[in-house]
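For the record, the sequence lines run as chains A and C.
Under my numbering, the first residue of the first sequence is numbered 259, with each subsequent residue one higher.
Under my numbering, the first residue of the second sequence is numbered 503, with each subsequent residue one higher.
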Amino acid sequence: NAGVMQNPRHLVRRRGQEARLRCSPMKGHSHVYWYRQLPEEGLKFMVYLQKENIIDESGMPKERFSAEFPKEGPSILRIQQVVRGDSAAYFCASSRQDSYEQYFGPGTRLTVT
Amino acid sequence: AQSVTQLDSQVPVFEEAPVELRCNYSSSVSVYLFWYVQYPNQGLQLLLKYLSGSTLVKGINGFEAEFNKSQTSFHLRKPSVHISDTAEYFCAVSDYSSASKIIFGSGTRLSIRP
């Protein structure tokens with residue numbers, strides 16, 4: 259039973275480019291969460307999605323960031339016009355419906371040059 | 503709003519010594535509490551969780567934590583650490599009403615000396 263999968267594991271983008279991060283939840287999990295970890299800090303909640311629905315995006319920056327979890331395929335976190343401050347590790351987690359327990363993927367480390 | 507404070511950013515310990523990693527939280531509602539471990543360049547792995555019931559919670563790798571409601575604490579302990587326990591440890595909280603959102607502490611880096 260595969261765990262939460264994220265790709266790519268490492269992503270390098272120049273300032274102004276777009277970054278697309280993918281997350282495939284565990285089998286049987288219908289909820290996806292995205293967190294960001296800045297260097298030397300803990301994880302910060304960004305967004306919580308179910309299939310085709312954004313449930314809570316209170317942690318998402320208002321501009322340049324968007325997330326989706328389509329009916330088919332992985333969840334995507336999209337960052338437009340990246341800046342150096344976007345450099346961080348982005349973690350995805352998934353859970354079953356009505357479960358408090360989240361399982362984390364290995365993360366995508368984004369570096370903006 | 504909830505918050506989590508991990509009082510020590512780094513804890514150096516000799517191998518086979520006991521360790522306690524401290525965690526305090528604040529919340530106006532009932533909460534779930536978690537400890538996660540992050541090994542270098544990896545994702546987070548759940549060590550243990552407190553939902554309700556017994557205040558002493560046992561987790562994987564010989565770790566345990568005690569929920570103290572009056573002191574709003576959830577300290578993590580291990581009686582004898584191993585080199586392989588070297589990692590970053592995160593305390594986290596979520597409340598009953600929005601169990602989807604987990605609030606993490608800033609982490610404690612545990613380094614084990616031989």
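Backbone N, C-alpha and C fix where the C-beta goes; we use that ideal spot for every residue, glycine too.
| said: I'd like to confirm the pairing. Which residues does DSSP put opposite residue 514 of chain C in its beta bridges? | reply: C/613
| If the cut is a Cβ gap below 9 Å, which residues of chain C does residue 334 of chain A touch? | Within chain C, no C-beta atom comes less than 9 Å from the C-beta of residue 334 of chain A; the nearest is roughly 18 Å away.
| message | Let me check one thing: in DSSP terms, what residues is residue 576 of chain C bridge-paired to? | response | C/569
| said: Spatial neighbours of residue 561 of chain C within its chain, please: C-beta separation below 6 Å, excluding the five flanking residues on both sides. | reply: 549, 550
| message | I'd like to know if residue 353 of chain A contacts chain C, where contact means its C-beta is closer than 9 Å to some C-beta of that chain. | response | yes
| query | In three-state DSSP terms, what is residue 586 of chain C? | reply | helix
| field | the stretch 354 to 368 of chain A touching the stretch 569 to 578 of chain C, judged by at least three CB pairs closer than 8 Å | value | no
| request: Take residue 527 of chain C and list the residues in its own chain whose beta-carbon comes closer than 6 Å to its own, dropping the five residues that flank it on each side. | output: The beta carbon of residue 527 of chain C sits closer than 6 Å to the beta carbons of 506, 574, 595 from its chain, once the five residues preceding and following it are set aside; these are given in chain order.
| message | Can you pull the chain A neighbours of residue 606 of chain C, defined as C-beta to C-beta under 7 Å? | response | Residues of chain A whose Cβ lies closer than 7 Å to the Cβ of residue 606 of chain C are, in chain order, 300, 301.
| query | Regarding residue 317 of chain A and the ligand SAM, is the C-beta to nearest heavy atom distance less than 8 Å? | reply | In terms of ligand content, the structure shown is empty, and the ligand SAM therefore cannot be addressed.
| residue 609 of chain C and residue 581 of chain C: beta carbons closer than 9 Å? | no
| request: Would you tell me roughly how many angstroms separate the C-alpha atoms of residue 516 of chain C and residue 586 of chain C, rounded to the nearest one? | output: 12 Å
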